[in-house]
Amino acid sequence: MKIGTFFFKVWRWASVLLVIGALVWTYSLFPEMVAVDFSDTGLAERYVNKEHIFYIVMGLFLVNNVLIAGLVKQIPNMDAAHLPILKRDVWAKHREELNEHLTNWLFCLMAVINTIMGFSLFALATINSDNFKMDVFDFSWIYYVGMALLIVVFLLPIRLFWTPVPKDRI
Numbered sequence: 028m029k030i031g032t033f034f035f036k037v038w039r040w041a042s043v044l045l046v047i048g049a050l051v052w053t054y055s056l057f058p059e060m061v062a063v064d065f066s067d068t069g070l071a072e073r074y075v076n077k078e079h080i081f082y083i084v085m086g087l088f089l090v091n092n093v094l095i096a097g098l099v100k101q102i103p104n105m106d107a108a109h110l111p112i113l114k115r116d117v118w119a120k121h122r123e124e125l126n127e128h129l130t131n132w133l134f135c136l137m138a139v140i141n142t143i144m145g146f147s148l149f150a151l152a153t154i155n156s157d158n159f160k161m162d163v164f165d166f167s168w169i170y171y172v173g174m175a176l177l178i179v180v181f182l183l184p185i186r187l188f189w190t191p192v193p194k195d196r197i
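For our numbering, count along the sequence shown from 1 and bump the result up by 27.
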């Protein structure tokens with residue numbers, strides 16, 4: 028197993044644990060009505076019931092992890108000629124490497140979505156908590172981290188522009 032594959036699998040499972048832990052922890056901390064939308068001054072404008080937040084996040088979590096995991100399992104069965112990549116004929120000859128790249132990309136996508144959801148839940152719980160004196164503007168870093176992670180996810184397929192090197196040339 029390559030180090031990249033190991034990293035993406037560990038990150039995916041750690042992000043799953045992050046979302047589940049964040050969901051359980053924040054559900055126990057949330058007041059009955061949770062502030063989810065804030066004005067420019069930082070005052071809460073909209074509130075949502077904590078059960079609705081739980082069901083929305085759980086639904087997103089299940090859709091993210093079940094659908095993408097199902098797609099990962101179908102990658103070896105897909106014909107390389109139908110994949111949206113350049114130089115399909117060359118990649119078809121190196122199917123194991125192509126499968127690994129696509130699997131790593133999808134695992135990274137799952138991990139990024141889970142990580143953003145986990146951080147967002149922690150931020151929402153902190154903002155709605157009476158124990159902390161933080162406001163919504165203290166968590167603007169989540170937006171930048173999320174955007175950076177999404178850029179990384181969409182830069183990973185760039186590797187598919189270069190064809191693999193045959194093993195006899197190494």
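Where a beta carbon is used, it is the ideal one built from N, C-alpha and C, also for glycine.
Item, Value
"Could you give the C-beta distance for Ala107 and Ala119, rounded to a whole number, given that I count them as a contact under 8 Å?", "4 Å"
"Could you check the C-alpha separation between Phe88 and Glu78 for me, to the nearest Å?", "15 Å"
"For Leu45 and Ser147, I'd like the C-alpha separation in whole angstroms.", "11 Å"
"Just checking my contact of Asn141 with Val51 at CB under 8 Å: how many whole Å lie between their CB atoms?", "The pair is not a contact, with the Cβ atoms about 14 Å apart (cut-off 8 Å)."
"Taking 7 Å as the cut-off, decide whether the C-beta atoms of Ile102 and Leu129 are in contact.", "yes"
"Look at the Cβ atom of Gly145, then the Cβ atom of Ala41, and state whether they are nearer than 7 Å.", "no"
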